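Residue numbers (numbering that gives the first Met the number 0), protein chains in the order written: chain L, 0 to 915; chain W, 0 to 129. No residue lacks a Cβ here, since even glycine has one placed at the ideal position from N, Cα and C. Since this is a predicted model, take the numbers as computed values, not measurements.
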Amino acid sequence: MSGGIVLTVSFLYLGLLFAIAQFVDLRAKKNRPLTRNPYIYTLSIAVFCTSWTFYGSVGLAATRGLDFLPIYLGPTFIFVLWSVIWVKIIRICKVHRITSIADFIASRYGKRAGLGGLVTIIAVVGTMPYISLQLKSIATSFRILVSSSEKALLHAPSEPIFFIDTTLIVAVALALFAILFGTRHIDASEHHEGLVAAIAFESVVKLVTFLAVGIFVTYGLFNGFTDLFARAAEKGLDPLFTVNSDSDYSLWMTMTVLSMAAIICLPRQFYITAVENPDESYLRKTTWLFPLYLLVINIFVLPIALAGRLSFDGTPADADMFMLTVPLYYNQGILALFAFVGGLSAATSMVIVAAIALSTMVCNDLIMPLLLRWKGLNINKNDDLTGLLLTIRRVSILLVLILGYAYYLIASESYSLVTIGLVSFAAAAQFAPAIIGGIFWKGASYSGAMTGLGLGFLVWLYTLLLPSFAQSGWLPISFIENGPWGITLLKPYTLFGMEGFDRLTHALFWSMLVNIGAYWSVSLMSQQTAIERIQGTLFVDVFGHTNDERDSRYWRGSATVADLQQLVGRFVGVQRVAQAFANFAADRDINLRKSQTADATMLDFAEKMLAGAIGSATARVMMGSVVKGEIVGLDEVYRILDETSQVIEYSHRLEQKSAELERATAQLRNANERLKELDSLKDHFLSMVSHELRTPLTSLRAFGEILVDNPEVSLEEREQFLNVIIKESTRLTRLIDQLLDLARMEAGQMDWSLDTVDMAAAIHEAMAALAGLLKENDVALNVQIPEALPTVRADRDQLIQVMINLVSNAIKFCNKANGKIDVVVAAGKDMLQVSVTDNGKGVPENMTERVFEKFHQSLDDSEDKPQGSGLGLAICREIVTFLGGKIWVVNKVGGGASFSFTVPRSDRLDMRLSAE
Amino acid sequence: MSHTVLVVEDEPNIVLSLQFILRQAGFTVRVARDGEQALRAIADYIPDLVLLDIMLPKQDGFAVCEAIRANAACRNVKIIMLSAKSREADKERALALGADEFVTKPFSTRVLSKLVKEIVATRRTILPTK
Chain L
0 MSGGIVLTVS FLYLGLLFAI AQFVDLRAKK NRPLTRNPYI YTLSIAVFCT
50 SWTFYGSVGL AATRGLDFLP IYLGPTFIFV LWSVIWVKII RICKVHRITS
100 IADFIASRYG KRAGLGGLVT IIAVVGTMPY ISLQLKSIAT SFRILVSSSE
150 KALLHAPSEP IFFIDTTLIV AVALALFAIL FGTRHIDASE HHEGLVAAIA
200 FESVVKLVTF LAVGIFVTYG LFNGFTDLFA RAAEKGLDPL FTVNSDSDYS
250 LWMTMTVLSM AAIICLPRQF YITAVENPDE SYLRKTTWLF PLYLLVINIF
300 VLPIALAGRL SFDGTPADAD MFMLTVPLYY NQGILALFAF VGGLSAATSM
350 VIVAAIALST MVCNDLIMPL LLRWKGLNIN KNDDLTGLLL TIRRVSILLV
400 LILGYAYYLI ASESYSLVTI GLVSFAAAAQ FAPAIIGGIF WKGASYSGAM
450 TGLGLGFLVW LYTLLLPSFA QSGWLPISFI ENGPWGITLL KPYTLFGMEG
500 FDRLTHALFW SMLVNIGAYW SVSLMSQQTA IERIQGTLFV DVFGHTNDER
550 DSRYWRGSAT VADLQQLVGR FVGVQRVAQA FANFAADRDI NLRKSQTADA
600 TMLDFAEKML AGAIGSATAR VMMGSVVKGE IVGLDEVYRI LDETSQVIEY
650 SHRLEQKSAE LERATAQLRN ANERLKELDS LKDHFLSMVS HELRTPLTSL
700 RAFGEILVDN PEVSLEEREQ FLNVIIKEST RLTRLIDQLL DLARMEAGQM
750 DWSLDTVDMA AAIHEAMAAL AGLLKENDVA LNVQIPEALP TVRADRDQLI
800 QVMINLVSNA IKFCNKANGK IDVVVAAGKD MLQVSVTDNG KGVPENMTER
850 VFEKFHQSLD DSEDKPQGSG LGLAICREIV TFLGGKIWVV NKVGGGASFS
900 FTVPRSDRLD MRLSAE
Chain W
0 MSHTVLVVED EPNIVLSLQF ILRQAGFTVR VARDGEQALR AIADYIPDLV
50 LLDIMLPKQD GFAVCEAIRA NAACRNVKII MLSAKSREAD KERALALGAD
100 EFVTKPFSTR VLSKLVKEIV ATRRTILPTK
């Protein structure tokens, strides 16, 4: 096939890509975007599949069988099982207008240029092998296609076809293409609709061409999968497509873990998935669409590899090029050309996206901070800097590709495609701790990230990159075999004597150990600055902070709107900024005047816009130059935040205190009420005692005086008056006795003599004492006591007192005409119950409790004043309660009150006591 | 014609002593055992003086005093209140309700007898304001 045809097809293809990008960009400008859907988004993420997938997987499968698979397992795990991490990263990128992975990490750890620079250097150096891989594949595939002789199929010709190296031409061509694509306008965080569409188109092309070759091989050369695998097995190739027990599981693990880290941390994957994401919700479809793409593109890897092995049996053909050499071998030139275009699309998509992502980082996180420091350059003057920015980026793209070419020259001749790619993966994996830690752990600090990344990168250099130089002869081979200066402990492939692992696992183990270890321990030991803490919180709690605008209101400067507009305009372009500011004003329904002082939201808006163009670290410095003097009291802001939280805590404590006070007040009020009640009770008691004492005294004094003053009264009258004196004296004595008893009982000073008491005997004794009174009032007494009554535990005298009080009460209140009193005793399970029932009017329903109170006298319901102190029932209650029983009154249905009380049985009481 | 004294008292022995000294002093004595009886007695015959105990069944002495003072026909009835509660508050209340005197139990029969004679002899000039 002539070189002219291949070149023409190549440039036609690239032209088509450019046309697609232009067309889509124009549509986007007219607000008719074509790319805003999850399918285009997913296809753009398929930039993950590069020449490595297109050529390298087949090459690996041809020699090591299923080992090509883990590289696709990792991304599948991430998207299917942990897409949350993408949601979080994308949200953070949108909120903070992140432009690249370097910007992301620098912004998280305090927007300092040092970290962004380090990430950029690691990314550029780490991507070098990857780009060289693409260059190598394009150059090799081109040469194979052009000189498709029998010999060329076996050995890729290494002599140049043109007057200079093919690979260099490819590198420069790709650089120009990337420049055309990626640096047409400046705000990196705006979406490059055209670029994304072109990348998605390339993903379709590489998938379709791969499937075409696969179908040709499987169904054209063989009779389907079964036939192909059977024929391969005949030739002894079955170990390639069966899972062997002696498979190297550690390598599988390593590759899976590496590819999990890579799908997040590769600069181009981060860029296309997070920075170029048009809509978070697209992720929902992507979580299954992207793994599906990976599955489909891998279906024919093994068949093509096996077909290549069968076709070139026994010859040392370059298995990485089976995609081309197999069709050529069977004289399918057009199909081979088609496959070449597929490989070209796989390579160009990677190179373009990587170059754009890296050039943004180099410009924003490496060159700009340096320029800002370099006072010789008048960057702080009011020139339009958009041109400078674009130039820096274009040069960066060229530089990145030249570096890739350099690595190709130095190292990649002696390695397979997959081995080169894995070196890049291992470099990208160094970002994983800083990224994942940064969005889940607020305590991670700048120093920790810096140390971890730096050390991890150094170990990567030492265990993977430098040895690859040595193997290509650019360093003495003794470096690998004996260690530097002959120190065997430092041999790069078996560091500190760690043998038995493949190089990749070995390198990943040491670099990650050092990286994570330093990241974690230094973060714990170092003090975070205020801005680190703020950014840490904003990143980790991004879902909580998204909707409030308090985020970064740490600008308290007095820059005018005109200042800001001018500053941002220098980097983004005056017209675009004027438009953006106008939109900002319109969104908030405010009228912006040029001389007006910008508020915090305005400053924040300007900073974010600036960050979109030149990265967050640089943007912060530039903002500082405009809002100079009055601002950036970040530590102060943080102190204010601290104070606020202290005030909140303090007021919380105040609230608690005041609640406690309220409770205490309520308790005091209750206690006071109770005291007042007690006081009024005491008052009432004293007043009643006074009354009860004075009443008999009145009669005593009156009749005493009458008898003294009237010696002439009849004998009959004299006797009557003297009897009154005796009766009232008795009444007075009894009252005093009862008062003293009650006082002693209430004070707990009563001398009780508790004993086993025969209830029947006690009742009979009480009744005997009352016989006179009963007869005097003509009341019939009926006592019912069952035989064999159990004894009770009580004070015998007090028990008799209770009976006397109750029965004499009953005598007072029973029916005057035919008074009748029933005394009934019944044995309960634990108690004896005694009831005294009269046939009087009964106790008013609302009085059944109050009759037991001191000095309660039923004044209202008897014609004649009853004789009594009003203490009898109160004393009864004291006694019964002390003995462990209860006393109460109920009205009988036919009239009459029934007073009952219980006393514990002594046998039951003994049992209970012994049980305890 | 002798003056009539209505004794309102529920303690029988005190009634007995009051009856004795008042009769000796030449008064006609009527007795009521509680507040309601007292009001019925007054409706029946207006006495010259009421000896009124405070702690009474059914209606207490204050209520009876108030009822007497509310009755225009009893304009000239004198009231001496008796109480075994020696609280100042009760005395003030009694006087405010229109009682002419307030006597604490136990009382001296000699003093009480003299007091009743004096009060009956005076003309009531001040009508209580309600």
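Item, Value
"For V83/L, the first and last residue of its enclosing alpha helix (DSSP H)", "V83 to H95"
"Residue-level contact to chain L via CB, P105/W, 8 Å cutoff", "yes"
"Paired residues, beta bridge with E718/L - DSSP", "In DSSP, E718/L forms no bridge with anything."
"Runs of alpha helix (DSSP H) wholly within the segment 489 to 527 of chain L (minimum 4 residues, chain order)", "502 to 524"
"Residue from R876/L, P128/L, Q527/L and L696/L whose Cα sits closest to the Cα of M744/L", "R876/L"
"Neighbourhood of F141/L by C-beta, 7 Å cutoff - its chain only, sequence neighbours within 5 removed", "V5 and T165"
"Cβ contact check for the segment 48 to 63 of chain L and the segment 121 to 140 of chain L: 3 or more pairs under 8 Å", "yes"
"Burial state of K205/L (16 or more Cβ within 10 Å)", "buried"
"Per-residue burial, A18/L [other beta carbons within 10 Å of its own, 16 or more giving buried]", "exposed"
"Nonlocal neighbours in the same chain, by C-beta distance under 7 Å from L769/L, ignoring five residues either side", "I803, V806 and S807"
"Proximal chain W residues relative to L706/L, where beta-carbon distance stays under 7 Å", "The contacting residues do not exist; L706/L stays about 10 Å from chain W at best."
"Short CB-CB distance (under 8 Å) between D859/L and chain W", "Residue placement at D859/L is poorly supported in this model, since its pLDDT is 47, which falls under 50; the coordinates still yield a value, given next. It does; some Cβ of chain W falls within 8 Å."
"Beta carbon of L514/L nearer than 8 Å to that of G451/L", "A quick correction: the sequence has Asn, not Leu, at residue 514/L. Cβ distance < 8 Å, so N514/L and G451/L count as in contact."
"Where S686/L meets chain W, residues with beta-carbon distance less than 8 Å", "K84 and R86"
"Whole-number beta carbon distance between P69/L and M933/L, since they are thought to touch under 8 Å", "The question about residue 933/L has no answer here: the residues shown for chain L are numbered 0 through 915."
"Inter-stretch contact (C-beta, 8 Å, three-pair minimum) for the segment 347 to 363 of chain L and the segment 210 to 229 of chain L", "no"
"N-terminal and C-terminal residue of the beta strand (DSSP E) that N890/L is part of", "I886 to N890"
"Cβ pair T98/L, T359/L closer than 8 Å", "yes"
"Local Cβ density within 10 Å of N817/L, reported as buried at 16 or more and exposed below that", "exposed"
"Rounded distance between the beta-carbons of K441/L and T536/L, thought under 8 Å", "6 Å"
"DSSP state of A335/L mapped onto helix, strand, coil", "helix"
"Under 9 Å by beta carbon: chain L residues contacting T27/W", "Ordered by position in chain L, no residue passes the 9 Å Cβ test against T27/W, which lies about 19 Å from the chain."
"The segment 698 to 705 of chain L in contact with the segment 720 to 736 of chain L per 3-pair CB rule at 8 Å", "yes"
"Contact list for E715/L against chain W, beta-carbon separation under 7 Å", "Under the 7 Å cutoff, chain W gives no residues; its nearest Cβ is about 13 Å from E715/L."
"8 Å Cβ cutoff, L114/W in contact with chain L", "no"
"Between the CA atoms of W473/L and K150/L - distance to the nearest angstrom", "Caution applies to K150/L, whose pLDDT of 46 falls short of 50 and renders its modelled position unreliable; the value that the coordinates give is listed next. Between K150/L and W473/L, the C-alpha separation is close to 30 Å."
"T121/W: contacting residues in chain L (beta-carbon distance under 9 Å)", "Chain L residues near T121/W: none, gap ~25 Å exceeds 9 Å."
"In DSSP terms, what V6/W is bridged to", "V30/W and L50/W"
"Within chain W, the residues that T697/L reaches when beta carbons sit closer than 9 Å", "E10, N12, I13, S16, L81, A83, K104, P105 and F106"
"P843/L classed as buried or exposed, judged by whether at least 16 other C-beta atoms fall within 10 angstroms", "exposed"
"Residue range of the unbroken beta strand (DSSP E) whose run includes L81/W", "K77 to S82"
"Minimum Cβ-Cβ distance from F101/W to chain L less than 8 Å", "no"
"CB contact below 8 Å: F812/L versus chain B", "The structure shown contains no chain B; its protein chains are L and W."
"Enclosing beta strand (DSSP E) for T103/W [first to last residue]", "E100 to T103"
"Reduced DSSP category for D550/L - H, G, I as helix; E, B as strand; rest coil", "In this predicted model, D550/L has a pLDDT of only 44, less than 50, meaning its place in the structure is not dependable; the value taken from the coordinates is given anyway. Correct three-state label for D550/L: coil."
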